[in-house]
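The structure appears below as structure tokens.
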Amino acid sequence: MVQDFGNTTASNGSDATSFSLKLRAEPLELSWHHCGVTSDFIGEYFSRACRQGIDPVDARHSISYMINEILENAVKFRHGGDVELVSSLEDDRFEIRIMNQIDDETAEKFQGHLTLLMEREPGELLLERIEENALNPDSSGSGLGLLTLMSDYGAKLGWSFASERVSEGVELTTFASLRLS
Amino acid sequence: MEISTNDYRVWTEGSTIHYEGTMRLSGTDAYAPILEIMNSILSSKPEIITLDLTGLEFLNSSGINLLAKFTIEIRKQPEVGVRVLGSKSIPWQSKSLRNLQRLHPALELTIS
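Chains as they are written, first to last, in my numbering: chain G, 1 to 181; chain C, 1 to 112.
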């Protein structure tokens with residue numbers, strides 16, 4: 001069974017500059033540090049492939065910020081297994097898919113969160129979430145990553161949950177796209 | 001007061017808090033020592049607190065949460081003013097710092 005949320009269609013075609021990477025769970029031991037290094041590397045790679053008229057500093061930062069936030073979630077919530085990234089750039093559109101495994105409980109919780117996210121304006125929800133975090137000193141995560149991407153970066157995001165492709169739990173694919181300027 | 005690592009440095013000068021480098025810590029707990037420095041400046045109740053972010057190249061969303069949380073703490077104390085200094089050449093600052101002003105309209109934001 002596959003369940004989709006948000007924007008899960010890709011626009012970039014076969015002419016796009018593309019790049020794939022697999023972060024192997026073993027033997028490197030995926031860690032927090034890999035998120036920053038990986039996202040900086042891909043940001044740097046695509047900022048050099050941008051066409052004229054696109055600000056490479058902004059492109060490098062925006063791509064890096066977007067990947068870092070999604071990858072931090074993938075590393076934080078993954079249930080074993082590798083993390084795969086497939087990215088592409090065509091004209092001014094950067095797209096990425098990040099795949100990782102999560103367990104059933106995390107999938108259910110995240111789907112509830114996404115249903116709420118899809119119903120509201122991200123800028124309003126971002127401020128609401130910040131106020132909630134300030135009132136709750138025990139909350140360990142901020143929950144702001146996806147909201148800042150949608151609200152501050154104008155990113156289009158989508159999520160696909162597939163339970164048949166993996167032997168245990170759910171394969172989560174996060175789709176993200178960004179219009180570079 | 002100062003916290004210094006290979007990736008970032010946070011230090012205070014009077015009631016100014018400076019941030020430099022790349023901050024991508026894993027969550028509220030990891031950011032707690034930095035919040036502690038910030039709160040210690042607030043507890044001295046200066047007329048104005050300056051957050052100088054002009055050297056902070058990268059901040060993840062948990063770090064943005066830290067700045068937002070602190071802004072709300074300052075908002076509770078109307079006698080303490082707050083000024084945030086950012087840089088136009090660092091993209092995340094133009095994109096995300098205006099949220100602090102939406103949380104606390106008296107916050108003075110300068111991105112130059």
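A virtual CB, placed ideally from N, CA and C, is assigned to each residue, including glycine.
Here the structure is a predicted model, which means the values were calculated and not measured.
| Asked | Found |
| --- | --- |
| Residue 155 of chain G beta carbon less than 7 Å from that of residue 99 of chain G | no |
| Coarse secondary structure for residue 16 of chain G, derived from DSSP in three states | coil |
| Contact check, residue 172 of chain G vs residue 102 of chain G, beta carbons under 7 Å | yes |
| CB contact below 7 Å: residue 64 of chain C versus chain G | yes |
| Extent of the continuous alpha helix (DSSP H) run through residue 73 of chain G | 56-77 |
| Residue 97 of chain G - partner residues in DSSP beta bridges | G:86 and G:175 |
| Residues near residue 45 of chain C by beta carbon distance below 8 Å, same chain, minus five either side | 77, 79 and 80 |
| Cβ contact check for the stretch 92-109 of chain C and the stretch 62-72 of chain C: 3 or more pairs under 8 Å | yes |
| Pair within 7 Å by beta-carbon distance, residue 104 of chain G and residue 169 of chain G | yes |
| Beta-carbon neighbours of residue 178 of chain G, restricted to chain C and to distances below 8 Å | Simply none; closest approach about 12 Å. |
| Interface partners of residue 148 of chain G on chain C, CB under 7 Å | 61, 64 and 96 |
| As assigned by DSSP and simplified to three states, the class of residue 19 of chain C | strand |
| Local Cβ density within 10 Å of residue 9 of chain G, reported as buried at 16 or more and exposed below that | exposed |
| Residues of the stretch 98-110 of chain C whose Cβ lies closer than 8 Å to any Cβ of chain G, in chain order | 99, 102 and 103 |
| Extent of the continuous alpha helix (DSSP H) to which residue 75 of chain C belongs | 61-75 |
| Segment contact flag, the stretch 36-43 of chain C with the stretch 80-94 of chain G, C-beta cutoff 8 Å, min 3 pairs | no |
| Separation of residue 153 of chain G from residue 147 of chain G, as counted between CA atoms | 9 Å |
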